[in-house]
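Student: Sharing a structure below in structure tokens format, with a few things to ask.
There are 2 protein chains.
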Amino acid sequence: MATTGSSLFAPRESIEQVEEGDELAPKFDANGLLPVVTTDATSGEVLMHGYMNAEALEKTIQTGEAHYWSRSRQALWHKGATSGLIQKIVEIRIDDDQDAVWLRADVQGGASCHVGYRSCFFRSVPIGDGGGGEAAGAPTKLNFEETEKVFDPVEVYGDAPNPTKL
Amino acid sequence: MATTGSSLFAPRESIEQVEEGDELAPKFDANGLLPVVTTDATSGEVLMHGYMNAEALEKTIQTGEAHYWSRSRQALWHKGATSGLIQKIVEIRIDDDQDAVWLRADVQGGASCHVGYRSCFFRSVPIGDGGGGEAAGAPTKLNFEETEKVFDPVEVYGDAPNPTKL
Chain A
0 MATTGSSLFA
10 PRESIEQVEE
20 GDELAPKFDA
30 NGLLPVVTTD
40 ATSGEVLMHG
50 YMNAEALEKT
60 IQTGEAHYWS
70 RSRQALWHKG
80 ATSGLIQKIV
90 EIRIDDDQDA
100 VWLRADVQGG
110 ASCHVGYRSC
120 FFRSVPIGDG
130 GGGEAAGAPT
140 KLNFEETEKV
150 FDPVEVYGDA
160 PNPTKL
Chain B
0 MATTGSSLFA
10 PRESIEQVEE
20 GDELAPKFDA
30 NGLLPVVTTD
40 ATSGEVLMHG
50 YMNAEALEKT
60 IQTGEAHYWS
70 RSRQALWHKG
80 ATSGLIQKIV
90 EIRIDDDQDA
100 VWLRADVQGG
110 ASCHVGYRSC
120 FFRSVPIGDG
130 GGGEAAGAPT
140 KLNFEETEKV
150 FDPVEVYGDA
160 PNPTKL
């Protein structure tokens, strides 16, 4: 498992250094990962939520293209290597305690979701007690905020295993 | 630990149901949590990255105010209960495999970061091989994208323990 031994990363020495300093000192969790939010650099839309290990963060910084750790495949994942939907990074941000990353990206092909939509977050959850369920006790009904897929996942991914797990 | 036994949530029965259906069937991890990205509903800026357990997701849906699970305090966390910086939810989105949530929020007081900044992601990481380090092998230097704090954390939180962990 990748650790934080990269020369790009400073050791975490104090709360003040991590929160208020100017050294990149990321914190990876027990599995060697930190969460990543990727937004469209132009629209601000959240495209996907993923994870990086130290190598993925290094490669993203060095190449300016988004790299993640695929938990389903347990492998470094250069986003777009299969689909062509490369994410060109406009800006990388890190949060106060340096255990989460925000990528602002331009997406070649205009889609980031393996189901075929622009954003992985293509459905909304109604707010309020009714929760959208028809009857009391019925599960909340989601609304589709994108109605058309940008690409056909079968054409793009063929018979590659679906990463979604029940 | 909260489970997915909520009446708002459907059981996860198939990949198609989860990815392409209209039932809310969230997946919580081994710790009973799912990650949450919160953006400013107007600017699109990513404000914070947090976690929800089933109860936090239920309360967010029912009240329209962001609730999280605080991993540092191991408690349900109604954001703003201490600081007054309540997050009023404009929209809740869920991702393709329903294991991550995106909240679009209006933030009372205009700040979401316990350090005092508008966004927790107030620093950027330079892209490229140089990585901003002065010398080869030096840690990457962060740039401050927000230069002034919105509030004084000592005034707002007093001597409450800092949630950041090394």
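In order, the protein sequences belong to chains A and B. Numbering of the first sequence is given in numbering that gives the first Met the number 0, commencing with residue 0 and proceeding in unit increments. Numbering of the second sequence is given in numbering that gives the first Met the number 0, commencing with residue 0 and proceeding in unit increments. Note that beta-carbon positions come from the ideal geometry of N, C-alpha and C, so glycine has one too.
Please confirm whether Ser69(B) has its beta-carbon closer than 8 Å to some beta-carbon of chain A.
Tutor: Answer no: the Cβ-Cβ gap between Ser69(B) and chain A never drops below 8 Å.
Student: Who are Pro34(B)'s beta bridge partners in DSSP?
Tutor: Paired residue(s): Tyr50(B).
Student: Would you report the Cα separation of Phe120(B) and Glu18(A), rounded to the nearest angstrom?
Tutor: Going from the Cα of Phe120(B) to the Cα of Glu18(A) covers about 10 Å.
Student: Quick one, are the C-beta atoms of Ile91(A) and Val124(B) less than 8 Å apart?
Tutor: Their beta carbons are under 8 Å apart, which means Ile91(A) touches Val124(B) by this criterion.
Student: Pull up the distance between the alpha-carbon of Ser42(B) and that of Gly43(A), whole angstroms please.
Tutor: Rounded to whole angstroms, Ser42(B) to Gly43(A) spans 8 Å at the Cα level.
Student: Are the C-beta atoms of Gly130(A) and some chain B residue less than 8 Å apart?
Tutor: Unreliable placement is indicated for Gly130(A), whose pLDDT of 49 sits below 50; no coordinate value is reported for it.
Student: Which residues in the same chain as Thr111(B) place their Cβ atom closer than 6 Å to its Cβ, once the five residues preceding and following it in sequence are excluded?
Tutor: The sequence shown places Ser at residue 111(B), not Thr. Around Ser111(B): Leu46, Met47.
Student: I need the boundaries of the beta strand (DSSP E) containing Val100(B), first residue and last residue.
Tutor: Run containing Val100(B): 100-106, per the beta strand (DSSP E) assignment.
Student: Assuming Arg70(B) and Tyr50(B) form a contact by the criterion Cβ under 8 Å, report the distance between their Cβ atoms to the nearest whole angstrom.
Tutor: That pair is a contact at about 6 Å.
Student: Please tell me whether Leu32(A) and Asn52(A) are closer than 8 Å, where the distance is taken between their beta carbons.
Tutor: For Leu32(A) and Asn52(A), yes; Cβs fall inside 8 Å.
Student: In angstroms, rounded to a whole number, what distance separates the CA positions of Lys58(A) and Leu7(A)?
Tutor: Straight-line Cα distance between these residues: approximately 11 Å.
Student: Using only CA atoms, which one of Val89(A), Val114(A), Val153(A) lies nearest to Ala40(A)?
Tutor: That would be Val89(A), whose Cα lies nearest to the Cα of Ala40(A).
Student: Grouping DSSP H, G and I as helix and E and B as strand, with all else coil, what is Ala74(B)?
Tutor: Here Ala74(B) sits in strand by DSSP.
Student: For Thr38(B), decide whether its Cβ has a neighbour in chain A, counting only Cβ atoms nearer than 8 Å.
Tutor: Yes, its Cβ sits closer than 8 Å to a Cβ of chain A.
Student: Counting only beta-carbon atoms, is Lys9(A) nearer than 8 Å to chain B?
Tutor: One detail in the question is off: residue 9(A) reads as Ala in this sequence, not Lys. Chain B contact via Cβ: present.
Student: According to DSSP, simplified to helix, strand and coil, what is Lys58(B)?
Tutor: Three-state DSSP puts Lys58(B) in a helix.
Student: When the Cα of Ala104(B) is compared with those of Asp95(B), Gln86(B), His113(B), which residue comes out closest?
Tutor: Ranking Asp95(B), Gln86(B), His113(B) by Cα distance to Ala104(B) puts Gln86(B) first.
Student: On the DSSP bridge assignment, give the partners of Tyr67(B) in chain order.
Tutor: Per DSSP, Trp76(B).
Student: From the DSSP output, read off the bridge partner residues of Asn142(B).
Tutor: In the DSSP output, where bridge partners are listed per residue, Asn142(B) has Ser123(B).
Student: Considering only the alpha carbon of each residue, which of Gly115(B), Ile14(B), Trp76(B), Ala55(B) lies closest to Gly157(B)?
Tutor: Of Gly115(B), Ile14(B), Trp76(B), Ala55(B), the residue nearest in Cα terms is Gly115(B).
Student: What is the DSSP secondary structure of Val149(B), reduced to helix, strand or coil?
Tutor: Reduced to three states, the DSSP call for Val149(B) is coil.
Student: Identify the continuous alpha helix (DSSP H) that holds Glu12(B) and give its terminal residues.
Tutor: Note, Glu12(B): premise wrong, no alpha helix (DSSP H); not H, not E.
Student: Relative to chain A, which residues along the stretch 71-103 of chain B have a C-beta separation below 7 Å, given in chain order?
Tutor: Within the stretch 71-103 of chain B, the qualifying residues are Ile88, Glu90, Ile91, Arg92, Ile93, Asp94, Asp95, Asp96, Ala99, Trp101.
Student: Express the C-alpha separation of Val100(B) and Leu141(B) in angstroms, rounding to a whole number.
Tutor: Leu141(B) and Val100(B): Cα-Cα distance of roughly 28 Å.
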